[in-house]
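This report concerns only the one structure given below.
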Amino acid sequence: MERGVRLLLYILAGALVIGGVVLFLHPDYRGTVRAWASGDITAGPIWESNRAYYPETGWEEGGDEH
Amino acid sequence: MNTKLITTCYLFIGGLILAMLLPVEVLSHATRYWILTGLGVTLVLAIWLGWRSKGNLWNLTLWYVLVVLAVLVGYTRYSVAYRVPDRRIGQIENGRYIEREPLRDTSRLIVRVDADVEEAVGFRFAGELVARQAVLDYDENPLLDEAGRWVFNEHRMPIKSATVDIPAHTPAGATFRVDQPFSRIDDVLWDVGDADLPLTVFRLSNHIGSFVRPARGQSDVTVLGRIAQDPNVYDFKSVLTVEPAYIQYPAGGPYYRVEGGDIQVTVHPNLENFTRLAQTEAYGADIVIRGELTVARGPSVEGGFDARRFMQNHNIYAVMRPYARPREPSPVSLLAPTGQPQRSGNPLVAFSLGLRDRMLGIFKATMPYPQSAFLGGVTLGLRYGLHGVMFPGEGPGWMQRFGLAPSEAQIVSDFRASGVNHVLAVSGLHVTILTVMFVAIFSLIKFPRQVFVPVVIGVLVIFAIITGARPSTLRAVIMNSLFLLTWAYLDKGLRSSVLTGVPIAAALILVHNPLVVVDPSFTLSFGAILSLALLTGPIYAQLCRLRGNCFASVILCTVLTTLFAAIRWALVTTAQFWIPWSMFWGLVFWVARACDRTGIGIDSRFRFTRIPESIGTFMAAQIAIQIGMMIPLSAYYFNQWPFGGMYANLIAIPLIGVVVQLGVLAGLLGLIPGLGPLLALFLNAANWLAASLFLWLAYVFARVFPHPFVPRPSGYALLFYYGVLALLVWPDPVQRYGSRLLGKLGVSWKGPKRWIPYGIAMVGFLLLLVRGGTPWRSDSSDPLEVTVLPVGYGSAIHVQSPGGAHYLIDSGFVEYERGRRNEAMRTILPTFSHQRIGKLDMFIASSPRPERAGGLSYILMHQRIKSLILPFERSEITSIDRENHSHPRADDIFSVWAGDPQWPQRPSVLERLHKREGTWFNRWASWNLMATPVEEPTVLVEEEHDGGIFRIEVVSVLPEQGPWYTRSMQVRILYGAFSMLLPGAMELEAQRDFAMSADPAHIRANILVAPYQAAAPFPPTVQGNVQRMRSVLQDSTGVLLAAVEPEDIILEFGNPRPVLGREGRDALDRFGVTRRFYIDYGVRVWSTDRDQAIYITSDGATYQIDTQAQRNRTQGGLDETVSDVAIGL
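Chains as they are written, first to last, in the numbering used here: chain A, 6 to 71; chain B, 788 to 1916.
Next comes the structure, spelled out in structure tokens:
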């Protein structure tokens, strides 16, 4: 089972790199980064696309509801 | 010890299955006698066996007793869970009541007659009732005290029951129910007859199932209880599971304490407090609900989905759909104990669900929709959130650049068709991924396994709670926990842990709820893990033998067979394909083997073992899952087999590993204030790619590979199949015992290695293949069987001739929007699959209207048909003048037959007919089909049998001169003296003209299927005026009835909205008036909306009508009357 350690590390490292590329290229992610930078996570296009999906579930961070 | 534990678990499960196959009546004492008899017989057997053996007598006896006790515990556990036993509380002897035990709480009674009744008897019970009445708060809601207990006032009052009338000649054992509630019985008052009649009195359990009423329009009840699970939230409703504590039954009556069973409550957004009911915080809250207490419907047709049984397997025995009424308080209220906040449920569960909601919030912020819905489904078990979610390639988008047209593909149906739907049912795969991930994380930070294993098990428990604790998840969590414990503390390997863990996990789940033993989530989960554990090894061993020419031949054979199956599935279901194909490949393998021996051809270094072991084992595991679980159990439960699943999962399973791990890490890291959400955004940005790839994979595989209907195996066929598979799993003992047996019989042939098990297995598979197809039938003395299928507002009638030929008249409707109801896929084809009907001898399209021909393109897609009869020339379809037509439904009709240019992926009849033209390939597959127009009276089928001549004839095609889309065929079915008339889609005026112009001898029939779904349109001037509508009916339908002189009338009706849209409301009104008109005619009237499927059988002289609703009642379902409510348990 310990073999999974190396695999997990590879996945994580790969995910962070690929994630960075997607953030750079995908317009919705770019918009979301801009919204986060302005301090309102729920103003981004990704949150907007999810508005009708479980609408009762909101965004919480560290117990503070925004 | 290990063997004893495993055996005990399996025997316990065996006892459960025995109880299913051989149930006993719980009202009687038979169970007790059976148990005692079983114990006695087994003790004798155990002692005898112990004496016969040379072992320790005492140990052996103990061992056998253990075995039998395990079976008995399983048997009784299932019996008691399946039917709640009613308690015997006393007897009536010599006219007096003798109490055996006092009544518990407010109770209803059942009286059993203990001797045959000669003369009619009538008596009443007299006693006392302590009636509870709820104390109300200022808002008129029942009050809870500070400790969360419901507060009642109690009123003591004397009470007498209504007279219990026992008719003369009632046999011993008959039961009668007393509906008046009692808290104590004092005496019996005799009104009529012999007071010496011995009677036993039972207390009817206050299980919630005993209060339900199947029929709509019952008086309301009030239920006080708590929400037992987090709500299942859809985009248009929220479904709550409520554990009832008290029920006021009936309205205004006393409150009963409920003694078991949950209620499923569906609430819609029009309720004022819907938002609170659709939140996780609702879990554990106290609730009061007012409304009808009813029960889910049983199957609508033989072999159909039994929603009632499915719910009962999960302890849900009643359903409520409360709706808001004008000027009345909300029927659902969440309450809190006096002076306290609203209660929540179990703290661990509440914590887990809260965690889930916060992770969902992170998903919503970091992954676009619908990939976020997919991620929520596979990591958090929120699969209801995926219902109705469209594939992201819909409309103009990147998919179109690859030539894929706009589609209406739904993610869930694509998953089902491509065989990757299992990723939505959180199971062993997900739990194992998480186990590996958390073990890896802890190993990374150098924690000793003895320390972190309990933490990982805790995480798995929380995960199980988050995802709804379904049987498949529980199985996986128990097994993974056992594995982790044995790995950490006993240093055991995986295989021994699996073989021990499977029966223990199964037994633990079944002890808690034995009814899930037949639930798909239970059997599929255990089928998968057992297939992996038992079949992967032997399959991998066989694959490892492949090398050189043989290996290349296997690859080529697999590729070509897959290609044939993908291009024309029908071909690979025929003997004319498999006989030459298997002979050809037999020859190829023989030559390949000979070449391998002589070193000719491909080098022997080209072998399966050169594939890395992990990938090779993974491939073997996929084959094992297909053989052990997917093929037999998909066919059994779903009537369909996703052929591409084996290939799709080779990519899907590693991919889902990435999606789940990244999703869970992103969800957990996102909880860390500060940097956490940013890390989650990076991880889920990468995960978006993986999730999109997964959705795309399902989309492509659903279109490239078939998802065919397959014959549904019987339970015995499944047992036989698994028996044959067992021979392949354990061949050596079979070979050893078989050789020994043959030696005793004087046969000393030394065949190839393991020839006995492999030989028997081959014969067994051949038998299954032959027997698994169309059932053997028939001789000429079999009856004619006609089934009017319940396809809602539409028509589909299946006819099985006395000679065993199958005919289908019409194919129901298909709804592409809103509910997406497809009656061909939902009702007709599953029925054929259940009855193992491989081929239709004829399909008759009586009318081109959507409610009759909407499903034809799907029937043409999936069903082998010998001939197709249409009421017009096929060439006429292209000649419709769409600009100048006057027919209100012409556009809909044209879409069904020629396709909708807006939605080119929707199948049309013409397109499907084009694909079934007489090419050599189609002829080889027996898939070619010619449409034959019939435009005048014709005999379509004629056969001679013992009961007389069987015939299907076209009486007329009307209107004779009208365009093709207005035409309707009138069909009559005859067998001997029996006849049935199907006038098709005739409007009111046409009914009168038809009746007056036709030869009476040609239209007279025992049974009339009402034309136009009994909702033919009226002239606009009379619509809404019942008297004038009846007058119009008298001049049209009345004339038809007078000419046909039917003894029975069948109405094919259901919700018209999927077909007619907003006009459906008018159709409902028309149906109401027309139905009443038929009833007033004075013959028996049957209706598919109430009676479900209607079955007609005739031997040529007489005929009988049976309905699915009736069958559901007699098979332990519910009756519409009060007296049979107890059966609801």
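In this text, a Cβ means the ideal position worked out from N, Cα and C, and glycines have one as well.
Residue closest to residue i, alpha-carbon to alpha-carbon, out of the options
i: residue 1741 of chain B; options: B:1333, B:1856, B:1657; result: B:1657
i: residue 1766 of chain B; options: B:1835, B:1755, B:1221, B:1807; result: B:1835
i: residue 854 of chain B; options: B:845, B:904, B:794; result: B:794
i: residue 1255 of chain B; options: B:1035, B:1028, B:1379; result: B:1028
i: residue 1697 of chain B; options: B:1006, B:1706, B:1686; result: B:1686
i: residue 1077 of chain B; options: B:928, B:1823, B:1138, B:1398; result: B:928
i: residue 879 of chain B; options: B:1456, B:973, B:1593; result: B:973
i: residue 1850 of chain B; options: B:1208, B:1802, B:1484, B:1891; result: B:1802
i: residue 1155 of chain B; options: A:54, A:59, A:18; result: A:54
i: residue 1817 of chain B; options: B:1842, B:1864, B:1510, B:1674; result: B:1864
i: residue 1727 of chain B; options: B:1026, B:1628, B:1799; result: B:1628
i: residue 1349 of chain B; options: B:1435, B:1598, B:1636, B:1249; result: B:1435
Residue i - partner residues in DSSP beta bridges
i: residue 989 of chain B; result: B:875, B:897
i: residue 1010 of chain B; result: B:1034, B:1076
i: residue 911 of chain B; result: B:976
i: residue 1796 of chain B; result: B:1837
i: residue 1511 of chain B; result: None; residue 1511 of chain B has no bridge partner.
i: residue 1743 of chain B; result: B:1757
i: residue 1529 of chain B; result: Looking at the DSSP assignment, residue 1529 of chain B forms no beta bridge with any residue, so it has no partner.
Status (buried if at least 16 other CB within 10 Å, exposed otherwise) for residue i
i: residue 954 of chain B; result: exposed
i: residue 790 of chain B; result: exposed
i: residue 1708 of chain B; result: exposed
i: residue 1023 of chain B; result: exposed
i: residue 1857 of chain B; result: buried
i: residue 796 of chain B; result: buried
i: residue 1899 of chain B; result: buried
i: residue 1610 of chain B; result: buried
i: residue 1916 of chain B; result: Note that residue 1916 of chain B has pLDDT 25, beneath the 50 cutoff, so the model's placement of it is unreliable and the number below is only indicative. Counting Cβ neighbours within 10 Å, residue 1916 of chain B comes out buried, since at least 16 surround it.
i: residue 1182 of chain B; result: Summary for residue 1182 of chain B: the model assigns pLDDT 45, below 50, so the residue's position carries little reliability, and this model does not support an answer.
i: residue 1729 of chain B; result: exposed
i: residue 1517 of chain B; result: exposed
i: residue 1638 of chain B; result: buried
i: residue 1808 of chain B; result: exposed
i: residue 1503 of chain B; result: exposed
Interface flag, residue i vs chain A, CB-CB below 9 Å
i: residue 1132 of chain B; result: no
i: residue 1182 of chain B; result: Any reading at residue 1182 of chain B needs caution, since the residue's pLDDT is 45, under 50, leaving its predicted position unreliable; the model's value is listed next. So no, residue 1182 of chain B is outside the interface.
i: residue 1913 of chain B; result: With a pLDDT of only 28 at residue 1913 of chain B, under the threshold of 50, the placement of this residue in the model should not be trusted; the figure read from the coordinates follows. Closer than 9 Å: no.
i: residue 1873 of chain B; result: no
i: residue 845 of chain B; result: no
i: residue 1476 of chain B; result: yes
i: residue 1140 of chain B; result: no
i: residue 1154 of chain B; result: yes
i: residue 1266 of chain B; result: no
i: residue 1611 of chain B; result: no
i: residue 1448 of chain B; result: yes
i: residue 1228 of chain B; result: yes
CB contact below 9 Å: residue i versus chain B
i: residue 25 of chain A; result: yes
i: residue 63 of chain A; result: yes
i: residue 54 of chain A; result: yes
i: residue 49 of chain A; result: yes
i: residue 44 of chain A; result: no
Cβ separation of residue i and residue j, assumed to be a contact under 8 Å, to the nearest whole Å
i: residue 1454 of chain B; j: residue 1228 of chain B; result: That pair is no contact at about 14 Å.
i: residue 1214 of chain B; j: residue 1263 of chain B; result: 6 Å
i: residue 1220 of chain B; j: residue 861 of chain B; result: Between residue 861 of chain B and residue 1220 of chain B the Cβ distance is about 33 Å, and since that is not below 8 Å, they are no contact.
i: residue 969 of chain B; j: residue 914 of chain B; result: 5 Å
i: residue 1383 of chain B; j: residue 1337 of chain B; result: 6 Å
i: residue 1034 of chain B; j: residue 1021 of chain B; result: At roughly 27 Å, the Cβ-Cβ gap does not stay under 8 Å, so residue 1034 of chain B and residue 1021 of chain B are not in contact.
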